[in-house]
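> Supplied in structure tokens, the structure appears directly below.
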Amino acid sequence: MKIGIPKETAAGERRVALVPDLVAPLRKLGLEVLVEAGAGTEAFFADADYEKAGAKIVPKVFGEADIVLKVQKPTEKEVTAFREGAALIALLQPASNADLIQKLAQRKVTVFALELLPRISRAQSMDALSSQANVAGYKAVLIAATALGKYLPMMTTAAGTIRPAKVLVLGAGVAGLQAIATARRLGAVVWGYDVRAVVKEQIESLGAKFLEFDLGVKDAQDKGGYAKELSEEAKRKQQQMLGEKTKEFDVVITTALIPGKPAPRLITKETVAGMKPGSVIVDLAAEAGGNCELTEPGREVVKHGVTIIGLTNLPSTLPTHASQLYARNVVELLKLMVKDNKLNLDFNDEIIKGTCVTHDGQDARAVSVKA
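Following this line, the structure appears as structure tokens:
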């Protein structure tokens, strides 16, 4: 069976779905690894490194591969190039790409969306969303530090002492916790906020302070560990309370997301107008509509003297390590799927059942019923 690694074609995407160091584990599974020429170049992995690891460099992979590993969703042209009956593993955002999923199903491509991986301990090594969010949280702080016209740490110099910058991180998931840790390492005074009170201990364990509001919500966390969507009244109260607090901070990094829904609006335009000139907002939820009302996805803008950065796909800006982490996630998932050099799908397994979107031209729910 052949595994294909194409070159990513999405604008600005520099990651690759497999790195040379992880070719060997796939070969141990009895798989032949095909890598499209130049697939790893943007992430600084040369074709020669793949060949040395035992992969074969080819002009194209879609027509030959039994399983295609990608980072981003395929283009329509790439969909038509798939071999009928092949499999695809990628970050696909299936909820917002129904037409693409339907076209893949029509070609009888078995599709696995990594966003749908269940949040269970057995699946942690396969969790690409978390590994990439970790990268994004780290890079968000570096971007903020570059845009801010101040030092982040306290500086004692012959000219006097400079006070450290104050950073507020909204949302304490993987990205938020990494942002908190990075800002602390750079010497900032850091606060973290989340509607889930259970994350207070995690925030404080990183040396930050927990910003706590009484929103009148008893249980703000769902069974999967994600934040629940708040009532309209709680949302208004949250915006008002954050509006009062954010004016104290030099940097605000927002990371709040609700699966399958637009990003919650945490920072209003009135809140931005009340912030100190020179302050910086880095909105990691920009691609999902933004946590800040004035965020423009893919752009850096200045409003009321506040720099608002809504860059998307931050993991791609650190392509080497982001690719290494992503590839490890995918290889661990493949180990679960491949047995005796064949794709052996057990739809009673909650990981396979949870991530599978289509199989044999059918909706995955129909497959689950049959299984």
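Residue numbers for the sequence shown follow this note's numbering, beginning at 824 and rising by one. Even for Gly, the Cβ is constructed at its ideal location relative to N, Cα and C. These numbers come from a predicted model, not from an experiment.
1. So, under 8 Å CB-CB, Gln916 and Lys896 are touching, yes? Tell me the CB distance rounded to an integer number of Å.
2. Use the C-beta contact count for Ser1102: other C-beta atoms within 10 angstroms, 16 or more gives buried, fewer gives exposed.
3. Inspect the beta-carbon positions of Asn1114 and Ala1057 and report whether they are closer than 9 Å.
4. Output yes or no for whether 9 Å exceeds the beta carbon distance between Gly1128 and Lys1092.
5. With DSSP as the reference, label Val1095 as helix, strand or coil.
6. Need the endpoints of the beta strand (DSSP E) that Val1124 sits in, please.
7. Cα-Cα, which of Asn1171, Ser1146, Lys1162 and Asp1186 is closest to Ala866?
8. With a cut-off of 8 Å on the beta carbons, I'd call Gly827 and Ala888 a contact; round off their distance for me.
9. Just the Cα atoms here: how many angstroms apart are Ala1004 and Thr903?
10. Extract the residue ranges of the alpha helix (DSSP H) inside the stretch 998-1078, only unbroken runs of 4 or more that lie entirely within it.
11. Tell me the residue span of the beta strand (DSSP E) that contains Val820.
12. Around the C-beta of Arg1122, are 16 or more other C-beta atoms found within 10 angstroms, so that it is buried, or is it exposed?
13. Roughly how many angstroms lie between the CA atoms of Gln1185 and Lys931, to the nearest whole one?
14. Does the Cβ-Cβ distance between Met1219 and Ile890 come in under 9 Å?
15. Taking C-alpha atoms, which residue in Arg906, Ser919 and Ala936 lies nearest to Gln929?
16. Check whether the Cβ atoms of Thr1077 and Ile1104 sit closer than 9 Å, and answer yes or no.
17. Within the same chain, show all residues whose beta-carbon is closer than 6 Å to that of Leu854, passing over the 5 residues directly before and after it, in chain order.
18. Between the stretch 955-964 and the stretch 1161-1169, are three or more C-beta pairs nearer than 8 Å?
19. Applying the criterion that 16 or more other CB atoms from any shown protein chain within 10 Å of the CB defines a buried residue, is Pro829 buried or exposed?
20. For Leu1134, I'd like the list of residues in its chain whose CB is within less than 6 Å of its CB, leaving aside the five on either flank, ordered along the chain.
21. Rounded to a whole number of angstroms, what is the C-alpha to C-alpha distance between Gln925 and Pro1082?
22. What first and last residue would you give for the beta strand (DSSP E) that runs through Glu855?
23. Could you tell me the alpha carbon to alpha carbon distance between Pro882 and Gly861, rounded to whole angstroms?
24. My guess is that Val958 and Val1074 are in contact by the Cβ rule of under 8 Å, so how many angstroms apart are they, rounded?
25. Around the Cβ of Ser954, are there at least 16 other Cβ atoms within 10 angstroms (buried) or fewer (exposed)?
26. Go through its chain and collect everything with a Cβ distance to Met977's Cβ below 8 Å, but skip five positions before and after it.
27. Around the C-beta of Thr1085, are 16 or more other C-beta atoms found within 10 angstroms, so that it is buried, or is it exposed?
28. Among residues of its own chain, excluding the 5 on either side of Thr933, which ones have a beta-carbon nearer than 6 Å to its beta-carbon?
29. Over the uninterrupted alpha helix (DSSP H) stretch that includes Thr969, give me the two end residues.
30. Among Ile1026, Val839 and Ser1054, whose alpha-carbon lies nearest the alpha-carbon of Phe868?
31. Grab me the residues of Glu1027's own chain with a C-beta within less than 8 Å of its C-beta, minus the 5 sequence neighbours each way, in chain order.
32. Assuming Val1018 contacts Leu1053 under a Cβ cut-off of 8 Å, what Cβ separation, rounded to an integer in Å, is found between them?
33. Could you compute how far the alpha carbon of Ala1020 sits from the alpha carbon of Gly994?
34. For Val1105, which residues does DSSP report across the bridge?
35. State the Cα-Cα distance for the pair Gln1063 and Trp1014, rounded to the nearest angstrom.
36. With DSSP run on the structure shown, which of helix, strand or coil describes Leu993?
This is what the structure gives:
1. 7 Å
2. buried
3. no
4. no
5. helix
6. Glu1123 to Lys1126
7. Ser1146
8. 3 Å
9. 44 Å
10. 1023-1028 and 1055-1069
11. Residue 820 cannot be examined here, being either before or after the span of the chain that is shown, 824 to 1194.
12. exposed
13. 8 Å
14. Given a span of 824 to 1194 for the chain in the structure shown, any question on residue 1219 remains unanswerable.
15. Arg906
16. yes
17. Met824 and Ile826
18. no
19. buried
20. none
21. 21 Å
22. Glu855 to Glu859
23. 9 Å
24. Wrong, their Cβ atoms sit about 19 Å apart, outside the cutoff.
25. buried
26. Thr984, Ile985, Arg986, Pro987 and Gly1010
27. In the sequence as displayed, the identity of residue 1085 is Pro instead of Thr. Exposed is the call here.
28. Ala910 and His1182
29. Ala951 to Ala970
30. Val839
31. Phe1033
32. 7 Å
33. 11 Å
34. Ile1076 and Ile1132
35. 18 Å
36. strand
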